[in-house]
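Engineer: Got a structure for you, written out below as structure tokens; questions coming shortly.
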Amino acid sequence: MLTGRIRSFIRQLPLLDTARLGDDRERKKAMVILSFVGHAYVWGEKETVTLLPSSLAVPWHQVARMLGRPPVLSYASYVLDNWRRVDSHNPIEVGNIVLLQNFLGGQDEEWFVLIHVAIEAAAGAALEAIVAAQRAVVDEEPERVADSLATIARAVEAMNKILLRMPERCDPYIYFHRVRPYIHGWANQPNIPSGVVYEGVEDYAGEPQKFRGETGAQSSIIPAFDAVLGLTHAEDMLRSYLNEMRDYMPPRHRAFIEAVEARPSVRQYVLRHRRARPTLRDAYNAAIDGVCRFRSTHLEYAHSYINKQSRGDARNPNSIGTGGTPFIPYLTKHRNETKSHRIA
Numbered sequence: 000m001l002t003g004r005i006r007s008f009i010r011q012l013p014l015l016d017t018a019r020l021g022d023d024r025e026r027k028k029a030m031v032i033l034s035f036v037g038h039a040y041v042w043g044e045k046e047t048v049t050l051l052p053s054s055l056a057v058p059w060h061q062v063a064r065m066l067g068r069p070p071v072l073s074y075a076s077y078v079l080d081n082w083r084r085v086d087s088h089n090p091i092e093v094g095n096i097v098l099l100q101n102f103l104g105g106q107d108e109e110w111f112v113l114i115h116v117a118i119e120a121a122a123g124a125a126l127e128a129i130v131a132a133q134r135a136v137v138d139e140e141p142e143r144v145a146d147s148l149a150t151i152a153r154a155v156e157a158m159n160k161i162l163l164r165m166p167e168r169c170d171p172y173i174y175f176h177r178v179r180p181y182i183h184g185w186a187n188q189p190n191i192p193s194g195v196v197y198e199g200v201e202d203y204a205g206e207p208q209k210f211r212g213e214t215g216a217q218s219s220i221i222p223a224f225d226a227v228l229g230l231t232h233a234e235d236m237l238r239s240y241l242n243e244m245r246d247y248m249p250p251r252h253r254a255f256i257e258a259v260e261a262r263p264s265v266r267q268y269v270l271r272h273r274r275a276r277p278t279l280r281d282a283y284n285a286a287i288d289g290v291c292r293f294r295s296t297h298l299e300y301a302h303s304y305i306n307k308q309s310r311g312d313a314r315n316p317n318s319i320g321t322g323g324t325p326f327i328p329y330l331t332k333h334r335n336e337t338k339s340h341r342i343a
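In structure tokens:
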């Protein structure tokens, strides 16, 4: 990419035989590489292009279809499948994880992604607690519900502590100008208003496709918290966008969120018992407060890392998120809706 000749190199690549990818592990690795190569092809030179050559587009589409996701760089390939532990005997945390693939490299790019990996790892206990909380509701065991909510609150607090470390090694200016430009997609992007053509992909029949870029909204963690805590969003463009982001998640992650939404409501259970069991209400509110703090931190970073930077240009606007949305109003609404769900 530094030579400015990434496209000529990619056009010479032979067609990848995706049938040789034996299992999901190999497919995920291929998806990471194809996604980074695809975004480097579109965004990696001075002028943006809107046609992906068949040598890239066809295998990318095939692997994406195998994994149940669109052929674009999503959170799953940018974060979830893009790291390894340095020491397999030690925890998944910053200091013991490294990035597998990047665009330009450097401390800021690596740190930005690895902070997200560490946050995902810290959320593990909360995801287990979500299942436990809903089982406890079914079993009419309020103490177990409260304990599970407390576990969720502790996990969210750990996630927020990790998120607060972002400025340690990821500078806002460098992020905006060196990291962010390559993770945009081709939906609602001023520089690619009509989308991108995937040459040779029969399913698309030569029609331009509009896919969202990589964004934290494609992580299943916060939607899972919303589901178990009964955090609802008004019927508007934001809610439609959040639902759309599920299309970019691994299918099993989508299925988990949907399963939590379909299970008995923890919020309604707490509402019914809040007078008789104030500790249950307090545990619920602690979890709500944790999610609210996490969203507040995210909103602060959106201001400092994006909105306060230069106006950018059509390739990298500071008013539109990498997912193609007016992110400041959306994130503010997220935070305010979360706060409004505290139980008195």
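According to numbering that gives the first Met the number 0, the stretch in the sequence shown is residues 0 to 343, in order.
No residue lacks a Cβ here, since even glycine has one placed at the ideal position from N, Cα and C.
Values in this document were obtained by computation on a predicted structure and should not be read as measured data.
Can you list, in chain order, the residues of its chain with a C-beta nearer than 8 Å to that of C406? Leave out the 5 residues immediately preceding and following it.
Structural biologist: The structure shown does not extend to residue 406, since the chain spans only 0 to 343, so no value can be given for it.
Engineer: Which of the three DSSP states is assigned to R314 in this structure?
Structural biologist: Position 315 of the sequence shown, counted from the start, is the residue given in the question as residue 314. Residue state, collapsed to three classes: coil.
Engineer: Between the C-alpha atoms of Y40 and S7, what's the straight-line distance to the nearest angstrom?
Structural biologist: The count along the sequence shown starts at 1 and reaches residue 40 at position 41. The count along the sequence shown starts at 1 and reaches residue 7 at position 8. C-alpha separation (whole angstroms): 9 Å.
Engineer: Taking the alpha helix (DSSP H) that W110 falls in, what are its first and last residues?
Structural biologist: Start at 1 with the first residue of the sequence shown, and residue 110 comes out as number 111. Here the alpha helix (DSSP H) through W110 covers 106-121.
Engineer: So for L330, helix, strand or coil by DSSP?
Structural biologist: For the purposes of this step, residue 330 is identified with residue 331 of the sequence shown, where counting begins at 1. Note: L330 maps to helix in three-state DSSP.
Engineer: Do the CB positions of T324 and L298 come within less than 8 Å of each other?
Structural biologist: Position 325 of the sequence shown, counting from 1, holds the residue named residue 324. Position 299 of the sequence shown, counting from 1, holds the residue named residue 298. Result no, Cβ atoms of T324 and L298 do not sit closer than 8 Å.
Engineer: For a quick check, are the C-beta atoms of P207 and S219 less than 8 Å apart?
Structural biologist: Numbered from 1 along the sequence shown, position 208 holds the residue referred to as residue 207. Numbered from 1 along the sequence shown, position 220 holds the residue referred to as residue 219. Against a cut-off of 8 Å, the Cβ pair of S219 and P207 comes out as no contact.
Engineer: Please classify I96: does DSSP put it in a helix, a strand, or coil?
Structural biologist: On the sequence shown, residue 96 is found 97 positions in, with the first residue counted as 1. Correct three-state label for I96: strand.
Engineer: Using the DSSP secondary-structure output, state which residues sit across from W349 in a beta bridge.
Structural biologist: Lying outside 0 to 343, the shown extent of the chain, residue 349 is not represented and no answer is given.
Engineer: Ignore the nearest five residues each way along the sequence and tell me which others in A286's own chain have a CB closer than 7 Å to its CB.
Structural biologist: To locate residue 286, count along the sequence shown from 1; it is residue 287. Same-chain partners within the cutoff: L148, I151, A152, V155, L228.
Engineer: To the nearest whole angstrom, what separates the beta carbons of H345 and W59, a pair I think is in contact under 8 Å?
Structural biologist: Given that the chain is displayed from residue 0 to residue 343, the structure contains no residue 345 and the question cannot be resolved.
Engineer: If you run the structure through DSSP and keep just helix, strand and coil, what is V71?
Structural biologist: Counted from its first residue, the sequence shown places residue 71 at position 72. If DSSP states are grouped into helix, strand and coil, V71 belongs with coil.
Engineer: For the structure I just gave you, are there three or more beta carbon pairs, one from the segment 59-74 and one from the segment 105-113, closer than 8 Å?
Structural biologist: Counting Cβ pairs under 8 Å, fewer than three are found: no touch.
Engineer: Excluding sequence positions up to five away, which residues of its chain have a Cβ less than 7 Å from the Cβ of R168?
Structural biologist: Within the sequence shown, the letter at position 169 stands for residue 168. Excluding positions up to five away in sequence, the list reads Q106, D107, W110.
Engineer: Taking only the alpha-carbon atoms, compute the straight-line gap between T231 and V93 and give it to the nearest angstrom.
Structural biologist: Position 232 of the sequence shown, counted from the start, is the residue given in the question as residue 231. Position 94 of the sequence shown, counted from the start, is the residue given in the question as residue 93. The alpha-carbon atoms of T231 and V93 are separated by roughly 33 Å.
Engineer: CB V144 to CB V265, shorter than 8 Å?
Structural biologist: Locating residue 144 in the sequence shown gives position 145, counting from the first residue. Locating residue 265 in the sequence shown gives position 266, counting from the first residue. Going by C-beta atoms, V144 is nearer than 8 Å to V265.
Engineer: For the segment 76-85 against the segment 7-18, are there 3 or more C-beta pairs whose distance is under 8 Å?
Structural biologist: The answer is no - the segment 7-18 does not touch the segment 76-85, with fewer than three Cβ pairs under 8 Å.
Engineer: Assess, as a yes-or-no matter, whether the segment 209-217 is touched by the segment 235-255 under the definition of 3 or more beta carbon pairs within less than 8 Å.
Structural biologist: With the cut-off at 8 Å, the segment 235-255 and the segment 209-217 touch.
Engineer: Can you name, in chain order, every residue of its own chain whose Cβ lies under 7 Å from the Cβ of I191, other than the five neighbours on each side?
Structural biologist: For the purposes of this step, residue 191 is identified with residue 192 of the sequence shown, where counting begins at 1. Within the same chain, I191 has close Cβ partners T47, T49, W185.
Engineer: Assuming F175 and Q308 form a contact by the criterion Cβ under 8 Å, report the distance between their Cβ atoms to the nearest whole angstrom.
Structural biologist: Looking up residue 175 in the sequence shown gives position 176. Looking up residue 308 in the sequence shown gives position 309. That belief holds up - the Cβ atoms of F175 and Q308 are roughly 4 Å apart, short of 8 Å.
Engineer: On the DSSP letters alone, give me the boundaries of the alpha helix (DSSP H) that W185 sits inside.
Structural biologist: One-based indexing of the sequence shown puts residue 185 at position 186. No alpha helix (DSSP H) contains W185, which DSSP labels as neither H nor E.
Engineer: DSSP state of Q403, grouped into three classes?
Structural biologist: The shown model of the chain, from 0 to 343, leaves out residue 403, and the question about it has no answer.
Engineer: R273 to S54, Cα distance in whole Å?
Structural biologist: Taking the sequence shown and counting its residues from 1, the one referred to as residue 273 is at position 274. Taking the sequence shown and counting its residues from 1, the one referred to as residue 54 is at position 55. So the alpha carbons of these two residues sit roughly 60 Å apart.
Engineer: For my contact list, L51 and Y197 are in at a C-beta cut-off of 8 Å; report their separation, rounded to the angstrom.
Structural biologist: In the sequence shown, the residue the question calls residue 51 occupies position 52. In the sequence shown, the residue the question calls residue 197 occupies position 198. Rounded, the Cβ-Cβ distance is 5 Å, consistent with contact.
Engineer: Between R314 and P180, is the Cβ-Cβ spacing less than 8 Å?
Structural biologist: In the sequence shown, the residue the question calls residue 314 occupies position 315. In the sequence shown, the residue the question calls residue 180 occupies position 181. Contact flag set, yes.
Engineer: Among R238, R294, R134, I327, which has the Cα closest to the Cα of V259?
Structural biologist: Looking up residue 259 in the sequence shown gives position 260. Nearest of R238, R294, R134, I327 to V259, Cα basis: R134.
Engineer: Give the C-beta separation of V31 and F210 to the nearest angstrom, bearing in mind that I take them to be a contact with Cβ-Cβ under 8 Å.
Structural biologist: For the purposes of this step, residue 31 is identified with residue 32 of the sequence shown, where counting begins at 1. For the purposes of this step, residue 210 is identified with residue 211 of the sequence shown, where counting begins at 1. With a Cβ gap of about 16 Å, V31 and F210 do not count as contacting.
Engineer: Return the residue from the list S303, L99, T2, P328 that minimises the CA-CA distance to R378.
Structural biologist: Here the chain comprises residues numbered 0 to 343, so residue 378 is not present and cannot be evaluated.
Engineer: On the DSSP letters alone, give me the boundaries of the alpha helix (DSSP H) that H252 sits inside.
Structural biologist: By one-based count along the sequence shown, residue 252 stands at place 253. Run containing H252: 250-261, per the alpha helix (DSSP H) assignment.
Engineer: Ignore the nearest five residues each way along the sequence and tell me which others in Y304's own chain have a CB closer than 7 Å to its CB.
Structural biologist: Your numbering for residue 304 matches position 305 in the sequence shown. Once the five neighbours on either side are set aside, the close Cβ partners of Y304 are P171, Y174, F175.
Engineer: How would you call M236, buried or exposed, if buried means at least 16 neighbouring beta carbons within 10 angstroms?
Structural biologist: The residue you call residue 236 lines up with position 237 of the sequence shown. Exposed: under 16 other Cβ atoms inside 10 Å.
Engineer: In terms of alpha-carbon separation, which member of A121, V97, R271 lies closest to I221?
Structural biologist: Taking the sequence shown and counting its residues from 1, one reaches residue 221 at position 222. Of the candidates A121, V97, R271, the one whose C-alpha sits nearest the C-alpha of I221 is A121.
Engineer: Please check the pair L126 and A223, which I expect to be a contact at CB under 8 Å, by giving their CB distance rounded to whole angstroms.
Structural biologist: In the sequence shown, counting from the first residue as 1, residue 126 sits at position 127. In the sequence shown, counting from the first residue as 1, residue 223 sits at position 224. Confirmed, about 6 Å.
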